[in-house]
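Reading through the structure tokens given below for one structure.
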Ligand SMILES: Nc1ncnc2c1ncn2[C@@H]1O[C@H](COP(=O)(O)OP(=O)(O)OP(=O)(O)O)[C@@H](O)[C@H]1O
Ligand SMILES: [Mg+2]
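Numbering (the UniProt record's numbering), first residue to last: 1 to 358.
Take a look at the structure:
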């Protein structure tokens, strides 16, 4: 007993207490069928299989500094879920990192950029209200058209017509408005050379939940257009999600790497709030703990915390929310992470270190 007290008073031991206190999940044979293997726990070397069915919410976040291993984890999740559990997977790819993986999985790769756009008009041609809403911010924020121009575009979209609306149809309609319309048509013609309005990439809204597919945005030269395309795609995926039937069974991963680009986008929080009901697990990766706002965090069932920058201003708050000791994350090596899971059947979170993601 004396010895124990001496040890427990040691500074070295108390410094490592947060790790000692962490609970490693007990291996459960059921996870072999329902989970995916991601590596072994650090202390007891137990295999860890992530089973999203056991989580309060199937959404997953990976946080860590550049090079810490987030994308590696996301790729591992995608291949395991698609191959082992037959999931659908859709990924937004900002820098062309996922194309090879999706090709090797026999999935679709939609490449946007250099003359092939996401086809905003075609995407929403049967939903003029949605098309007007999306056009409004794209034309003003991205392509610099003014309020009067945008009103004219909306007027054309609202005009009765026989067939579905097209970009050429909008430009023709504008020209029929006289000189002001011709002017707006010229501006829209210039915007058409971007990567948002015209089609060409093969992106199909009705096929995003059909097998494995990734939208590769790396060919879009302009950073702001790339982010706008990403936001539009998140909106589109959210729309497509609402046409799915409600399901208790998760069968789809929606992977959003570098999610800090989307953090101010309302549709992201909506997806985190609603997609569980539609069988979708959202998988996010971001570099800084402070990128994750309280609402987003509250909907994450499993958080993988990789090495964090000690200057990460969100750390203390983040640590409190996920109930894990973020100090420990400063010492992690590449590919190693703290796993913090909120399980349905337990009030306490599971917090443990995964030695290396496989
Ligand atoms: N668990 C791992 N096992 C082996 N190699 C790994 C592991 N995790 C990461 N790596 C390697 O480390 C490098 C950086 O990893 P990764 O691309 O996943 O970093 P990241 O966290 O996504 O960084 P960024 O924020 O800059 O995108 C890659 O070459 C990757 O292959
Ligand atoms: Mg990455």
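C-beta atoms are modelled at their ideal positions from N, C-alpha and C, and glycine is treated no differently. All of these numbers come straight from a predicted model, not from anything done at the bench.
Comparing alpha-carbon positions, which option in the options lies nearest residue i?
i, options, result
"residue 54", "351, 346, 355", "346"
"residue 191", "337, 155, 137, 230", "137"
"residue 106", "118, 83, 128", "83"
"residue 210", "267, 132, 280", "280"
"residue 294", "163, 264, 275", "264"
"residue 114", "146, 166, 195", "195"
"residue 230", "45, 92, 48", "92"
"residue 173", "187, 152, 58, 143", "152"
"residue 287", "273, 278, 310", "310"
"residue 33", "80, 177, 350", "80"
"residue 43", "59, 25, 29", "25"
"residue 405", "155, 163, 198", "The structure shown does not extend to residue 405, since the chain spans only 1 to 358, so no value can be given for it."
"residue 219", "134, 99, 104, 85", "99"
"residue 49", "76, 56, 57", "76"
"residue 197", "70, 59, 116, 37", "116"
"residue 108", "199, 207, 254", "207"
"residue 254", "312, 87, 187", "87"
"residue 85", "355, 252, 272", "252"
"residue 244", "232, 269, 274", "274"
"residue 183", "134, 41, 146", "146"
"residue 335", "70, 37, 41", "70"
Quick one, are the C-beta atoms of residue i and residue j less than 8 Å apart?
i, j, result
"residue 258", "residue 94", "yes"
"residue 303", "residue 61", "yes"
"residue 203", "residue 118", "yes"
"residue 214", "residue 102", "yes"
"residue 193", "residue 185", "no"
"residue 51", "residue 39", "no"
"residue 342", "residue 301", "yes"
"residue 89", "residue 236", "no"
"residue 63", "residue 308", "yes"
"residue 262", "residue 282", "no"
"residue 289", "residue 318", "yes"
"residue 205", "residue 123", "yes"
"residue 110", "residue 201", "yes"
"residue 277", "residue 246", "yes"
"residue 125", "residue 166", "yes"
"residue 216", "residue 129", "no"
"residue 47", "residue 250", "no"
"residue 74", "residue 267", "no"
"residue 232", "residue 134", "yes"
Counting C-beta neighbours from all protein chains within 10 Å, is the total for residue i 16 or more, i.e. buried, or is it exposed?
i, result
"residue 299", "buried"
"residue 17", "With a pLDDT of 44 at residue 17, under the threshold of 50, the predicted position of this residue should be treated as unreliable, and no value is reported."
"residue 68", "buried"
"residue 357", "buried"
"residue 27", "exposed"
"residue 241", "buried"
"residue 65", "buried"
"residue 141", "exposed"
"residue 353", "buried"
"residue 238", "buried"
"residue 344", "exposed"
"residue 224", "exposed"
"residue 226", "buried"
"residue 160", "exposed"
"residue 436", "Residue 436 lies beyond the range of the chain shown here (1 to 358); nothing can be said about it."
"residue 228", "buried"
"residue 149", "buried"
"residue 171", "buried"
"residue 350", "buried"
"residue 104", "exposed"
"residue 305", "buried"
"residue 222", "exposed"
"residue 30", "exposed"
"residue 340", "buried"
"residue 168", "exposed"
"residue 248", "exposed"
"residue 23", "exposed"
"residue 348", "exposed"
Consider the Cβ of residue i: report whether some Cβ of chain B lies at a distance smaller than 8 Å.
i, result
"residue 118", "In summary, chain B is missing from the structure at hand, where a single protein chain is found."
Hey, which unbroken runs of the alpha helix (DSSP H) at 4 residues or more fall wholly within the region 23-109?
31-34, 70-85, 99-104
Any residue with its Cβ nearer than 6 Å to a heavy atom of ligand 1 should be included. What is that list in chain order?
64, 66, 67, 68, 69, 70, 71, 72, 287, 334, 335, 356, 357
Which ranges would you report for the alpha helix (DSSP H) in the region 257-327 if only whole runs of at least 4 residues count?
266-274, 294-298, 315-322
Tell me the start and end of each unbroken alpha helix (DSSP H) in the region 109-178 that is at least 4 residues and wholly inside, in chain order.
120-123, 128-137, 147-158, 167-175
Within the region 184-246, note down every full alpha helix (DSSP H) run reaching 4 residues or more, in order along the chain.
223-242
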